[in-house]
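Numbering (the working numbering), first residue to last: 3 to 193.
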């Protein structure tokens with residue numbers, strides 16, 4: 003099973019169950035940033051805690067859920083790892099108001115002739131800018147380079163600044179600003 007097929011299978015399930023979601027990770031970067039190899043899928047899903055047991059049970063009936071006790075694993079780690087064909091899929095449970103808002107802001111794109119919800123480029127930058135992983139840093143650079151002035155800085159700047167303060171990591175704002183400087187776009191709104 004190809005990545006696109008696995009994605010469509012999971013998205014179909016989420017639609018049937020009326021579970022709000024957005025595609026994140028490498029697959030989302032393909033839309034907003036750069037072409038790069040990705041062999042897995044990451045989606046953030048909105049599932050209230052009281053509905054989690056039902057969702058997990060439905061997932062177990064349809065897919066190969068990897069942990070022996072997926073409900074306990076999901077409650078502890080906020081993720082449900084699965085295998086769809088040969089493709090590893092992680093369903094990340096939204097837990098923060100920011101994540102719920104990002105799901106609502108997700109953009110519709112077409113994959114295999116079907117609409118899917120992909121994390122907006124702004125929210126993908128916010129999601130990745132706090133990471134120290136070189137690949138995530140490069141993803142942020144490429145998204146900024148490709149999307150440039152179309153990005154909503156009024157939305158992003160205060161969130162990035164708050165994350166930087168909350169995590170006591172001034173390097174986050176410096177890196178974020180550097181990405182915009184590299185494309186000649188210095189109009190920070192509130193950093």
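Cβ atoms here follow ideal geometry from the backbone N, Cα and C, with glycine treated the same way.
- For residue 153, the closest of 122, 132, 173 and 136 by C-alpha to C-alpha distance is 122.
- Within the segment 50-137, the complete beta strand (DSSP E) segments of 3 residues or longer fall at 81-86, 89-95, 109-113 and 116-120, listed in chain order.
- Linking residue 180 to residue 133 through their CA atoms gives a straight-line distance of about 15 angstroms.
- If you look at residue 43, you'll find it in the beta strand (DSSP E) that goes 42-47.
- Remark: C-beta atoms of residue 73 and residue 55 approach each other more closely than 7 angstroms.
- The alpha-carbon separation between residue 60 and residue 44 amounts to approximately 19 angstroms.
- In this structure, residue 96 keeps its C-beta atom at 7 angstroms or more from the C-beta atom of residue 88.
- As computed with DSSP, residue 158 is found in no beta bridge at all.
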